[in-house]
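Asker: Residue numbers (the working numbering): 118 to 366.
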Ligand code: DON
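(1) So what does DSSP say about residue 335, is it helix, strand or coil?
(2) So for residue 369, helix, strand or coil by DSSP?
(3) Of the residues 151, 329, 353, which one's Cα is nearest the Cα of residue 296?
(4) Once you ignore the five residues that flank residue 226 on each side, which residues in its own chain have a CB closer than 6 Å to its CB?
(5) Verify the contact flag: residue 356, CB atom, against every heavy atom of ligand 1, threshold strictly below 7 Å.
(6) Measure the alpha-carbon distance for residue 167 versus residue 146 and round it to whole angstroms.
(7) Measuring straight from C-alpha to C-alpha, what distance separates residue 250 and residue 280?
(8) Specify the secondary structure class of residue 446 as computed by DSSP and reduced to three states.
(9) Three-state secondary structure (DSSP) at residue 276?
(10) Assign residue 303 to buried or exposed, taking buried as 16 or more other Cβ atoms, counted over all protein chains shown, within 10 Å of its Cβ.
(11) Kindly indicate the opening and closing residues of the alpha helix (DSSP H) around residue 126.
(12) Strictly by DSSP, which residues pair up with residue 303?
(13) Who are the Cβ neighbours of residue 322 in its own chain at under 8 Å, not counting the five residues just before and after it?
(14) What does DSSP give as the partner residue(s) for residue 194 in the beta ladder?
(15) Who are the Cβ neighbours of residue 330 in its own chain at under 6 Å, not counting the five residues just before and after it?
(16) Contact check, residue 293 vs residue 258 under 8 Å by CB: the rounded distance?
(17) Tell me which residue opens and which closes the beta strand (DSSP E) that residue 344 is part of.
(18) In whole angstroms, what is the alpha-carbon distance linking residue 214 and residue 148?
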């Protein structure tokens, strides 16, 4: 009770005015941590109990949206500051953050950048040069007509996420939402690691390890926004990996 009321004092208020961090407050490992702090033989003085320091979810900075309007006009847009808060520098008086896109160059050829990518001289920094990007906002055409709009944030994982979603539709004949929902994997040569989402089954992970893959489980790879043109219909798919998205079913 004491611990809950400490959190209540800090975090609860009219949700029309305050964003109450319910997900973090109801997180079972957070609650278990609070429970562990209870001494079963001695009361903890309230002065020693403080509102919890909650880890606030900060998304991976890059945003993608896919749009098809009633006339069939289409956009796939991915935009980014690159790393968290970009360069961490705000333009004085203008209120926006400056990016740190220079890291998309090979900052030092042969050394990993922010995303662990090892890149060479072709992507070295030079005046007037554009850094290599993994952003892959994609339009898939069939007979010169729009078939699919796909894209996602995720640094280098973008390329592989877009690839897998497109293959899920073209080769595995899934509808748009099924294609987005499938577990995703990512390999970028170096590090020599196969990243798999936590939804990949333990059996599959064991099978991959037994074939020599160094597997690392990631919470989430990508955050897809995709549209499939299905006759006269549009199938929109949001990524259920992210909270508050409406499903396209
Ligand atoms: O252009 C690129 O490849 C990177 N600047 C993208 C960064 C990114 O997607 C970060 N977040 N998810």
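We treat Cβ as the ideally placed atom computed from N, Cα and C, and that holds for glycine.
Answerer: Reading it off the structure:
(1) strand
(2) Residue 369 falls outside the range modelled here, since the chain spans only 118 to 366, and no answer is possible.
(3) 353
(4) 237, 238, 241
(5) no
(6) 17 Å
(7) 16 Å
(8) With the chain running from 118 to 366 in the structure shown, residue 446 is simply not present.
(9) helix
(10) buried
(11) 119-128
(12) 312
(13) 313, 332, 334
(14) 182
(15) 311
(16) About 16 Å separates the two Cβ atoms, so there is no contact after all.
(17) 342-347
(18) 35 Å
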